[in-house]
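Quick notes on the structure that follows.
In UniProt numbering, the protein residues as written are 1 to 252.
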């Protein structure tokens, strides 16, 4: 089964701009995994929409916009400094240079123009790099498949430096009776925990709210120390919860 993380990282540029992809008769939100079916009419506030229009409305209501979602990703995913992030947000809001100068307490308008130049240069570099990487795919027959980190990852570092083949071996080792469990132990290297947690997170449905008891019930089927698994799912950004722990959900 294709995960939403895989859909997100495998999406082409046009799909990523839209925030959704289409496969067969299904539209899938690349930001959270919500799906609509072509041919089905969806009702909202006494109005009726086809599947693609309703998907666009979903993105606006659930994520504000694709830009807002992408700009909120970890800086290791966007490659932006905090200062560049703030500038792009204000540019997207339609603020002029004078307004940005005042809001960010920037000394002069020429400083903002310089930032615009740097960002434009970054865009040009990104286009060239993407083109080279696409051309490289045609020639490099020995490149291993590296696992993708989930968009809500909280600690992006060498823990994600692992091939898909290595990840599959980790799952076989720690789930000796099969992917449905039980989990052998949870005292492995941190990079192996990423693989285990990624697998466990697939047991929870996007868009569904869970009580703590329901989360525990899912995890108990895998491992006696379900509290540790639950804590790691939160810490690594797979699940989120309310402050009072009354509700849990897959983090988008």
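Even for Gly, the Cβ is constructed at its ideal location relative to N, Cα and C. Keep in mind it's a predicted model, so treat the numbers as computed, not measured.
Using a Cβ distance threshold of 8 Å, residue 197 and residue 149 do not count as a contacting pair. For residue 163, no beta strand (DSSP E) run applies, since DSSP gives it neither H nor E.
Distance from the CA of residue 165 to the CA of residue 171, rounded to the nearest whole angstrom, comes to 10 Å.
Residue 245 sits exposed, since fewer than 16 C-beta atoms from the chains shown fall within 10 Å of its C-beta.
In the three-state DSSP reduction, residue 232 falls in the helix class (H, G or I).
Cβ contact annotation for residue 6 (same chain, cutoff 8 Å, sequence separation greater than five): 148, in chain order. According to the DSSP assignment, residue 37 belongs to the beta strand (DSSP E) that extends over 35–37. Of the residues assessed, residue 8 falls on the buried side of the cut-off, its CB having 16 or more other CB atoms within 10 angstroms. Every beta strand (DSSP E) of 3 residues or more that sits fully in the stretch 26–93 is shown, in chain order, as 26–29, 35–37, 42–44 and 47–49. According to the DSSP secondary-structure assignment, residue 249 is paired through a beta bridge with 240.
Three or more Cβ pairs closer than 8 Å define a contact, and the stretch 76–94 falls short of that threshold against the stretch 39–51.
The alpha carbon of residue 238 has as its nearest neighbour, out of 29, 252, 227 and 100, the alpha carbon of 252. Per DSSP, the beta-bridge partners of residue 21 are 28. Taking the CA atoms as reference points, residue 104 sits about 18 Å from residue 72. For residue 12, no alpha helix (DSSP H) run applies, since DSSP gives it neither H nor E. A straight line joining the alpha-carbon of residue 31 with that of residue 18 spans about 10 Å. Between residue 203 and residue 227, the gap from beta carbon to beta carbon reaches 8 Å or more.
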